[in-house]
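Below is one structure, written out as structure tokens; comments come after it.
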Amino acid sequence: MSDLKVTVMKDQKTGPGPVVEVDPSALAVMPTRRSFLKFGASGIAASALSGLLPDSALAAVQQAAPVVDSSAPGVGEQRIRLTVNGQVHTLNVPANAILLDVLRDRLQLTGTKKGCDYGQCGACTLLVNDVAINSCLSLAVQHDGDSITTIEGLAQGGTLHPVQEAFWEHDAYQCGYCTSGQIMSAVAILKDPNIPSDDASVREAMSGNICRCGAYKNILSAVQSARSKMGGTV
Amino acid sequence: MRTFTFVRAESPAHAVGSMSGDAPRAYLAGGTTLLDLVKLDVMQPEQIVDINHLPLKQVERLADGRLRVGALVSNTELANHPLVREHYPVLAEAILAGASTQLRNKATTAGNLMQRVRCNYFRDGASACNKREPGSGCAAIGGLNRSVHAVLGTSDQCIATHPSDMCVAMAAIGAQVTVRGVAGEREIPFADFHLLPGDTPWREHALERGELITHVTLDAPLAGSRSAYLKLRDRASYQFALASSAIILVLDGQRIADARIALGGVASKPWRAREAEQALIGQRATPEIFARVAELALKGARGYEHNAFKIPLGQQVVARNLRDLTAQELSS
Numbered sequence: 059m060s061d062l063k064v065t066v067m068k069d070q071k072t073g074p075g076p077v078v079e080v081d082p083s084a085l086a087v088m089p090t091r092r093s094f095l096k097f098g099a100s101g102i103a104a105s106a107l108s109g110l111l112p113d114s115a116l117a118a119v120q121q122a123a124p125v126v127d128s129s130a131p132g133v134g135e136q137r138i139r140l141t142v143n144g145q146v147h148t149l150n151v152p153a154n155a156i157l158l159d160v161l162r163d164r165l166q167l168t169g170t171k172k173g174c175d176y177g178q179c180g181a182c183t184l185l186v187n188d189v190a191i192n193s194c195l196s197l198a199v200q201h202d203g204d205s206i207t208t209i210e211g212l213a214q215g216g217t218l219h220p221v222q223e224a225f226w227e228h229d230a231y232q233c234g235y236c237t238s239g240q241i242m243s244a245v246a247i248l249k250d251p252n253i254p255s256d257d258a259s260v261r262e263a264m265s266g267n268i269c270r271c272g273a274y275k276n277i278l279s280a281v282q283s284a285r286s287k288m289g290g291t292v
Numbered sequence: 048m049r050t051f052t053f054v055r056a057e058s059p060a061h062a063v064g065s066m067s068g069d070a071p072r073a074y075l076a077g078g079t080t081l082l083d084l085v086k087l088d089v090m091q092p093e094q095i096v097d098i099n100h101l102p103l104k105q106v107e108r109l110a111d112g113r114l115r116v117g118a119l120v121s122n123t124e125l126a127n128h129p130l131v132r133e134h135y136p137v138l139a140e141a142i143l144a145g146a147s148t149q150l151r152n153k154a155t156t157a158g159n160l161m162q163r164v165r166c167n168y169f170r171d172g173a174s175a176c177n178k179r180e181p182g183s184g185c186a187a188i189g190g191l192n193r194s195v196h197a198v199l200g201t202s203d204q205c206i207a208t209h210p211s212d213m214c215v216a217m218a219a220i221g222a223q224v225t226v227r228g229v230a231g232e233r234e235i236p237f238a239d240f241h242l243l244p245g246d247t248p249w250r251e252h253a254l255e256r257g258e259l260i261t262h263v264t265l266d267a268p269l270a271g272s273r274s275a276y277l278k279l280r281d282r283a284s285y286q287f288a289l290a291s292s293a294i295i296l297v298l299d300g301q302r303i304a305d306a307r308i309a310l311g312g313v314a315s316k317p318w319r320a321r322e323a324e325q326a327l328i329g330q331r332a333t334p335e336i337f338a339r340v341a342e343l344a345l346k347g348a349r350g351y352e353h354n355a356f357k358i359p360l361g362q363q364v365v366a367r368n369l370r371d372l373t374a375q376e377l378s379s
């Protein structure tokens with residue numbers, strides 16, 4: 059299925075955004091990519107879906123509804139409030155719950171990836187109060203009251219963030235597993251006045267995000283292209 | 048990951064008070080070392096005391112010219128602070144040469160001092176390691192000991208390097224570490240903070256049980272100084288040092304009026320090379336004196352099976368840094 063999907067995405071790269079027409083009535087019954095994979099499907103259905111469902115629509119579908127644990131925290135648990143992509147969640151979490159796992163497992167925000175799980179690969183990079191961190195090395199309880207931005211929170215109203223768009227246009231991925239972390243790092247770097255804009259500085263600043271497919275050249279192109287597009291703000 | 052109780056410290060006194068008792072406890076700041084090692088089950092705290100909400104996030108210049116840095120100032124904030132950029136550029140360079148952007152955003156000043164070693168035999172949870180399990184031996188001696196193993200300050204109990212870049216710059220600059228315990232506050236000179244492994248490699252620093260680092264106060268900068276951090280590693284970024292040097296020089300014409308030299312990547316603690324400094328002070332800047340000073344900086348070094356190359360590399364990282372810092376004087 060992944061091969062089919064890549065083919066479809068490359069076909070779509072002629073324009074700045076998705077070009078595939080989506081029938082709204084089809085979207086209403088369409089599962090997320092993840093629930094679809096869990097459910098299992100034939101190759102024919104997979105190819106049909108990946109063609110029909112542009113990423114912006116996926117992002118909209120994946121926006122989590124607020125989760126509120128109504129019961130009191132159990133033994134060893136703490137009650138925390140996380141604002142994730144503008145949505146407030148109130149959760150009871152054990153002290154040893156890792157932020158990355160809470161986002162993925164409790165909030166179903168699986169765009170943030172678990173790569174090495176030891177702070178070495180950067181796949182889990184997201185923004186906490188606008189600062190990029192490795193979410194695999196944070197306890198969820200540490201983030202009570204924090205505002206978190208994940209890859210799912212970048213697109214606005216179906217329009218990709220300029221960095222997402224640039225990654226698409228520049229083919230800045232192969233397997234895609236590191237991509238959400240790469241994009242979150244890039245978003246933070248482009249907003250950081252302390253990081254110079256030359257290629258060497260960008261490479262250095264992005265070096266905490268490992269890409270085993272070796273798409274670094276295109277990632278750099280994408281980041282610099284996004285910088286140009288975002289104009290005066292970077 | 049193992050379970051533990053979690054306490055959010057509301058004040059330094061509360062933090063210190065939460066550390067009493069016999070069970071293993073740990074302060075949590077950035078967590079980039081602690082949570083990594085708890086996941087690996089190498090560190091096994093039964094209680095974690097979160098100190099991130101303590102008011103220890105200031106960087107302030109004292110009347111005597113020293114710079115007082117709060118324990119919780121992140122590595123990124125410290126490297127980019129205007130007072131650090133202006134008065135301690137070697138510290139900014141060293142910090143930015145370490146880890147990655149997102150790790151530096153999390154990691155704190157005090158936490159950087161408290162980093163544990165990167166020796167695989169320490170981290171794997173299974174091999175003989177006197178740090179992890181006193182008396183079990185050192186698998187690195189006679190094992191794979193190329194990149195994160197030391198040639199200076201080792202013992203037959205442990206040969207791991209201290210991994211920090213920031214601490215190498217601090218060793219050159221000079222600093223006091225302010226700590227708070229149940230008995231009150233005290234200061235530890237930076238040079239005495241990290242301990243050599245000797246016969247007690249599990250003791251890595253001079254903190255008493257439960258003591259909390261509250262500040263690191265840098266010595267006043269040397270007037271009219273120039274400085275640089277030079278780091279040699281297996282890849283150009285996001286890699287621990289094979290050898291590094293933090294050097295601060297004051298020149299009077301072609302003569303070295305004052306010098307500070309510290310080494311990283313080659314020693315079991317941030318390594319101040321005082322004998323090398325003394326040999327340099329008062330001398331004219333020449334390639335010959337730099338070679339002599341570089342040799343003294345590695346005096347007493349002992350190579351192991353895979354890391355003996357660090358002895359000439361360590362000499363080169365000193366000589367080259369000195370040469371680059373005095374490029375104008377040397378060529379004139």
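Protein sequences, first through last, are from chains A and B.
Going by the numbering used here, the first residue of the first sequence is number 59, and it counts up by one from there.
Going by the numbering used here, the first residue of the second sequence is number 48, and it counts up by one from there.
A virtual CB, placed ideally from N, CA and C, is assigned to each residue, including glycine.
None of the values given here were measured: they were computed from a predicted structure.
Taking 8 Å as the threshold, the shortest C-beta distance from L114/B to chain A does not fall below it. For the 8 Å CB-CB criterion, Q94/B and T52/B form a contact.
Remark: C-beta atoms of A73/B and P92/B approach each other more closely than 8 Å. A314/B and I206/B have their alpha carbons spaced roughly 8 Å apart.
If only complete runs of 3 or more residues are kept, the segment 128-209 of chain A shows the beta strand (DSSP E) at 135-142, 145-152, 183-186, 189-192, 205-207, in order along the chain. The Cβ-Cβ distance between A238/B and R319/B falls below 8 Å.
Taking the Cα positions, G200/B is about 12 Å away from A344/B.
Those residues of the segment 147-164 of chain A placed with their C-beta closer than 8 Å to a C-beta in chain B are P152, A153, N154, I156, ordered along the chain. Taken in chain order, the unbroken stretches of alpha helix (DSSP H) that lie wholly in the segment 230-291 of chain B and span 4 residues or more are 237-240. Taking every protein chain shown into account, the CB of G329/B has fewer than 16 other CB atoms within 10 angstroms, so this residue is exposed. Judged by beta-carbon spacing, V137/B lies beyond the 8 Å limit of T208/B, meaning their Cβ atoms are not closer than that value. Closer than 8 Å to the CB of T208/B there is not a single CB belonging to chain A.
One Cα belongs to Y274/A, the other to R139/A, and the distance between them is close to 36 Å. Counted as a single uninterrupted DSSP element, the stretch harbouring I328/B is not any beta strand (DSSP E), since DSSP gives it neither H nor E.
Neighbourhood of N159/B in chain A, by CB distance below 9 Å: empty, with the nearest CB roughly 14 Å away. Closest by C-alpha distance to P124/A, out of E135/A, G144/A, V133/A, is G144/A. Around L197/A, the beta-carbon contacts reaching into chain B at under 9 Å are F53, L75, G78, L82, I95, D97. Using a Cβ-Cβ cut-off of 8 Å, D256/A is close to nothing in chain B; its nearest Cβ partner there is about 14 Å away.
Under the 8 Å criterion on CB atoms, N187/A is classed as non-interfacial with respect to chain B. Per DSSP, L109/B lies in no alpha helix (DSSP H) and is assigned neither H nor E. Between S243/A and T148/B, the gap from beta carbon to beta carbon is short of 8 Å.
Going by DSSP, G211/A is part of no beta strand (DSSP E) at all; its letter is neither H nor E. Counting along the chain, no alpha helix (DSSP H) covers D305/B; the unbroken beta strand (DSSP E) around it starts and ends at 302-311. Q240/A has a beta carbon lying at 8 Å or more from every beta carbon in chain B. Taking one beta carbon from each stretch, the segment 189-197 of chain B and the segment 259-270 of chain B have fewer than 3 pairs nearer than 8 Å; the two do not touch.
Contact of G266/A with chain B by beta-carbon distance below 8 Å involves A146, S147, T148, Q149, L150, Y285. Rounded to the nearest whole angstrom, the C-alpha separation of N127/B and N252/A is 7 Å. Look at I206/B here: in three-state DSSP terms it is coil, with no helix or strand label.
The shortest C-alpha to C-alpha distance from A157/B to any of I220/B, F356/B, A76/B is the one to A76/B. In the displayed model, S255/A falls within coil according to three-state DSSP, outside both helix and strand. Looking at R132/B, I336/B, L289/B, A323/B, the one whose alpha-carbon comes closest to that of Q301/B is I336/B.
Along the segment 348-376 of chain B, the alpha helix (DSSP H) occurs as fully enclosed runs of 4 or more residues at 357-372, listed in sequence order.
Taking a cut-off of 8 Å for Cβ pairs, the segment 177-195 of chain A and the segment 207-216 of chain A touch, as three or more such pairs fall below it.
The residues N192, R193, H196, V198, in chain order, have a CB closer than 7 Å to that of N354/B in the same chain once the five nearest residues on each side in sequence are set aside. In this model, Q363/B and A341/B are separated by some 7 Å (Cα to Cα).
Around the beta carbon of E133/B, fewer than 16 other beta carbons sit within 10 angstroms, so the residue counts as exposed.
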